[in-house]
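Below is one structure, written out as C-alpha cells; the observations come after it.
Protein chains in written order, with our numbering: chain G, 44 to 381; chain X, 44 to 381; chain L, 44 to 381.
This is the structure in C-alpha cells:
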C-alpha cells in the first residue's frame, strides 16, 4: 500500500514538514528504516537514532520536529498516530465470504453469508455468526455460541457452548473461552464437581491473546466488558467481571468472582485472589500479588527484584530474623529510656 | 429438568421446610434468583441477600434456616448439597455412540462401540478407548494411548503416545498430556536432548483444566493419582507424582521429579522446585514459592501483597539495607552493655 | 533396539568394565532397573541405589566405578553419555514421506517430497517446507511460513503467517508462534491496536515446549537464536531477542523488546520486564523478578520461600514496619552518641 506523505498527513490530521510527494509504503524503527518507510519517535530512549535515521519521514511532536531536518509529520501523540498510519499502510485483509469444504458446520447453525469459515473448523448446533466474521483454521465453536460482526478468530480457538462474543473482537490461537470453572466441593473424603452452568460474555472491541483462558461462570456469567485488551496466557476464573478498557499483560491469573474496574492496567505475571474488588483506574506493576480488595485508584506494587544470589541468601535469612530484631530494638529503647 | 421440592429433598436427603410441590428447574445465586430457582447459602458474606432472595427454595444449614421464612432444604453442608442438586437439575448429556465422518481413526485403534469420536478428531494406531468415552472435536490421540470408561475430552485435547488415562476423567480444551519433559544435558558448548522415554499415568476421577500441560517421564512415568483436581494453565514437569485428592489452582508450576502428597491444596500461581517432597495435607496459599521439601502437614505461605507503589519503593530499599541495620543494632547492644 | 555393551561402549567412547556381550535394550533409573537395562549415576542423591541396582550396566565416572562390582561404562560425564545412549536405544522414528488425505494443503505451498504432512493439518499459501520435516496432526501453518530441514511439529502447533523456523527444531503441541504482540495505544478514551507487522525468526536446533507462545514483532522481528531450549508455557513478547544456547524453564514470561544473552539459564516462573538487556551467562533462579538490565554475568535470585502461614503473617507485618524500625534505630544511635 503506497501513500504520498501529503495524503498520509491529511488522513492523520498531521502537520506536514518537508516533501508532500514523498512516497511511503511501510513502517520501520528509526534505526532500521530505509527509503520509503515511515518511522516515529515516542520513547526518548530512541531519540539518539533520529539524526541518522534512513526513514523517508518521521512522526514527531512539535518539539522533536524542531531539531529534525528530514520530512516530518507533526502530531501531538506520535505513537497513536503511528498506530493509525500502520493501519493505513497495512490494511486488514478483507474477509472472503464462504466456507472451506473441510469445515464441519451443523445444519442448525446460522451463518451470515458474508462470514468465512476456515479449513477444519467445527461449528456446532445453534451457533449464530454475524456479518464479516472470520473463523480461522481448526477453530471449535460449541453449540449455541453467538459471535458478533467482524469478529476474527485467528486459528485453533475454542469457544465452548453458549459463549457470547461481541463485535470487532480479535481472538488469537489457542484461546479457550467457556471451559468449566474450578468449582469443587469436598464430600467427606473426595472432591465432587460443582456443575458450571453459567456462561461467558465478551463485549465489543475486545482483544484476547494466544493461549489465554476464560472460564464459564458457576451460576451467573463471567463478563469481559467492551474495549478490554488481554495479552497471552492469562487465566480468568469463573464469574470474574472486567470493566471497560482495562488492559492486562501476559501470564496474569485472576481467581474466581473477582471484579476489576474500568481503565485498570495490570502488569504481567500478576496474581489476583478471588472474591475481591478492584476499583477503576488501578495500575498494578508486574508480578503484583493482590490478596485484598483495592478501593482507591492509583499504582500498586509488590515483589522484590533480583539481586546477586549470595546477597539474596543473606537477605532472606535477615528477613526471617526481623521479629528478633524488632524485639532487640524494643529492649534497647526501653533500656535507654531508663 | 423439573423437580418438585419434595423429590429434591429426598434425593439430597435434606429436611424440607415449606411447600413440597414447589417446582424447581434451575439454580441461581441468592441475589439473582427468580421463581423456579434453587439457591444456597454457604458463605456468610452472602447472608445479607437471604431476606430478599427471589429463589423458590434455598439450601441452608439448620441455623440459617431458623431465620428464613421461605422454602428451605435443610442440610449439614449446603455447598455439597448444592453441587449434588445442580447435577440433578443439569444432568450431563449422555454420550451418543459413533464416529463423526470427519474423524480420522487408524485401523488398529480399538474403540468401544458405546464411545463417541467427534469431528476432526485423530485417533492413532493401537489406541484403546473404553465404554462411554467422549472424544470432542479436534482432539489428537497419539499411538497406543489408553482411555478408561466414561472419560470426557471436551475438545482440542492432545494426548501424546502411550499416555494412560483412567475412568471418569474430564479433560478441558487445550490440554497437552505427554509432551516431552525438559531434559537436556550440556555437551561442552551446546545442549543435547535427553530422550524422554517414560509416559504419563492419569488415575480415575481426575479433572484437568484448560491449557494445562503434563509432561511425560524421562525414564519412569509422571503420575497423577485418583481424584486429583487440576485447574487451568498448570505446568507439571516430568516424573512429578501427585497424591490422591490433591487440588491445584490455576497457573501453578511444578518442576520435575517432585512428589506431592494426598489431600494437599495448592493456591494459584504457586511455583514448586524440582526433586523435592511435600507430605499429605499441606496447604499452600496463592503465589507460594517452594524451594525445599515440606515434611509437616499444615498451611504455608510466601510473598508480600501489594502496597502503594511509593511505599513499595521505600520498603524494597529498606529490605536491601537490612544487613546494615542488623549490624547497627548489634553495635548499639554491645555499647549499651558496656 | 538391542545393543551389546561392547558396541555401546564403542559408540559412547566409554571404557567398558565387565561383560562385553551383555545385552542392553532399554534405559532405567537405578532403583527401578531390571535385566537388559542401562542406568546411570549423575546425582549423588541416588548413589545409595547403586549397590542394589538390577541394571545390567551402569554409566559411571571413574570414581564411582571403583566401588561398583557390576558392568560399568566409565565416562567423564554420565548424564551426557546417558543422553547419547538413550538416543541409540530409542532412535527417533524416521519420517515417512507423504501427505495424509485429510490434510489441507494450498496449491502454492512448496513441500519437499521427503516431508510428512499429518492428518487434519492445514498448510497455507506460499509455505515452504524443507526435506525431512514432520508436521503432526492438527497443525496450522499460516501463509508464507518457512520451515527448515528435519524440523518436527509434534501436533496442534500454530505457526502464523511469515514465521521462519530453522532446521532440526522440535515444537510441541499447543505452541503458538507469531500471534500478534501486545501493542496498543490509548486514543483519548479507548485503546487502539498497533498493527504488528514484524515476524518471528526461530534458529536451528531450538526446542519449544507445550503451550509456549512467541509473539511476532511489532515492526522488526522477534528472534530466537540457534540452540535455545524452551520449556512449556513460556510467554515471549514481541521483539524479544534470545541468544544462542540459552535455556528457559517453564512458566517464564518475557516482556516485549527485551534482549537476553547467550548461555543464560532462566528458572521456572521468572518474570522479566520489557525493554531491558541481560548479558551472556546469567543464571536466574526460579520465580525471579527482573525489572532492570543485568550487565554482569553470574547468578541472580529473588523471592522469599514459604514459611508456616502464621509466621508469614507476622513477617509481612514486620516488613511493612521496617521504615519505623530504621527510624527508631537512627534515634537510638543518635542518643547513644550524645
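Don't be surprised by glycine CBs; every beta carbon is placed ideally from N, CA and C.
Residue environment, residue i, which counts as buried when at least 16 other CB atoms sit within 10 Å
{"i": "residue 141(X)", "result": "exposed"}
{"i": "residue 377(G)", "result": "exposed"}
{"i": "residue 287(X)", "result": "buried"}
{"i": "residue 374(G)", "result": "exposed"}
{"i": "residue 139(L)", "result": "exposed"}
{"i": "residue 88(X)", "result": "exposed"}
{"i": "residue 188(G)", "result": "buried"}
{"i": "residue 298(X)", "result": "buried"}
{"i": "residue 272(L)", "result": "buried"}
{"i": "residue 63(X)", "result": "exposed"}
{"i": "residue 212(G)", "result": "buried"}
{"i": "residue 216(G)", "result": "buried"}
{"i": "residue 311(G)", "result": "buried"}
{"i": "residue 134(G)", "result": "exposed"}
{"i": "residue 191(L)", "result": "buried"}
{"i": "residue 205(G)", "result": "buried"}
Start-to-end residues for the alpha helix (DSSP H) that takes in residue i
{"i": "residue 54(L)", "result": "48–55"}
{"i": "residue 368(X)", "result": "365–380"}
{"i": "residue 106(L)", "result": "105–109"}
Within chain L, partners of residue i - CB distance below 8 angstroms
{"i": "residue 294(G)", "result": "278, 294, 296 and 314"}
{"i": "residue 215(G)", "result": "219, 222 and 223"}
heavy atom of the ligand FAD below 6 angstroms from residue i C-beta
{"i": "residue 304(X)", "result": "This structure simply doesn't include the ligand FAD, nor any ligand for that matter."}
Contacts of residue i in chain L (Cβ-Cβ under 7 angstroms)
{"i": "residue 145(G)", "result": "147"}
{"i": "residue 250(G)", "result": "236"}
Span of the beta strand (DSSP E), counted from its first residue to its last, around residue i
{"i": "residue 256(X)", "result": "256–258"}
{"i": "residue 343(L)", "result": "341–344"}
{"i": "residue 124(L)", "result": "Not the beta strand (DSSP E): residue 124(L) falls in the alpha helix (DSSP H), residues 121–132."}
{"i": "residue 116(G)", "result": "115–117"}
{"i": "residue 221(L)", "result": "219–222"}
{"i": "residue 60(G)", "result": "58–60"}
{"i": "residue 326(L)", "result": "325–327"}
{"i": "residue 41(G)", "result": "Here chain G covers residues 44 to 381 and nothing more, so residue 41(G) does not appear."}
CB contact flag (residue i, residue j, <7 angstroms)
{"i": "residue 218(G)", "j": "residue 200(G)", "result": "yes"}
{"i": "residue 346(L)", "j": "residue 332(X)", "result": "yes"}
{"i": "residue 156(X)", "j": "residue 167(X)", "result": "no"}
{"i": "residue 118(X)", "j": "residue 57(X)", "result": "yes"}
{"i": "residue 382(L)", "j": "residue 181(L)", "result": "Summary: the structure shown does not reach residue 382(L), with chain L confined to residues 44 through 381, and so no result is reported for it."}
{"i": "residue 278(L)", "j": "residue 276(G)", "result": "yes"}
{"i": "residue 281(L)", "j": "residue 261(L)", "result": "yes"}
{"i": "residue 243(L)", "j": "residue 220(L)", "result": "yes"}
{"i": "residue 103(G)", "j": "residue 85(G)", "result": "no"}
{"i": "residue 255(L)", "j": "residue 283(L)", "result": "no"}
{"i": "residue 352(G)", "j": "residue 342(L)", "result": "yes"}
{"i": "residue 248(G)", "j": "residue 269(G)", "result": "yes"}
{"i": "residue 83(X)", "j": "residue 144(X)", "result": "no"}
{"i": "residue 291(G)", "j": "residue 267(G)", "result": "no"}
Under 7 angstroms by beta carbon: chain X residues contacting residue i
{"i": "residue 81(L)", "result": "What residue 81(L) touches in chain X: nothing, since even the nearest Cβ is about 10 angstroms away."}
{"i": "residue 234(G)", "result": "270, 272, 288 and 290"}
{"i": "residue 347(G)", "result": "359 and 362"}
{"i": "residue 198(L)", "result": "183 and 201"}
Contacts of residue i in chain G (Cβ-Cβ under 8 angstroms)
{"i": "residue 140(X)", "result": "Under the 8 angstroms cutoff, chain G gives no residues; its nearest Cβ is about 18 angstroms from residue 140(X)."}
Chain X residues whose Cβ lies nearer than 8 angstroms to that of residue i
{"i": "residue 358(G)", "result": "362, 363, 365 and 366"}
Within chain G, the residues that residue i reaches when beta carbons sit closer than 7 angstroms
{"i": "residue 330(X)", "result": "314 and 332"}
{"i": "residue 327(L)", "result": "349"}
{"i": "residue 72(X)", "result": "262 and 263"}
Neighbouring residues, chain G, relative to residue i (Cβ below 9 angstroms)
{"i": "residue 126(X)", "result": "226, 227, 228, 230, 235, 236, 237 and 238"}
{"i": "residue 244(X)", "result": "Going along chain G, no residue has its Cβ under 9 angstroms from residue 244(X), so there is no contact; the nearest lies around 19 angstroms."}
Beta-carbon neighbours of residue i, restricted to chain L and to distances below 9 angstroms
{"i": "residue 209(G)", "result": "By Cβ distance, chain L contributes nothing, its closest Cβ being about 14 angstroms from residue 209(G), past 9 angstroms."}
{"i": "residue 254(X)", "result": "217, 254 and 276"}
Taking only runs that begin and end inside the region 225–301 of chain G, name each unbroken beta strand (DSSP E) of 3 or more residues, in chain order.
-> Complete beta strand (DSSP E) runs here, min 3: 227–230, 233–236, 243–245, 256–258 and 265–267.
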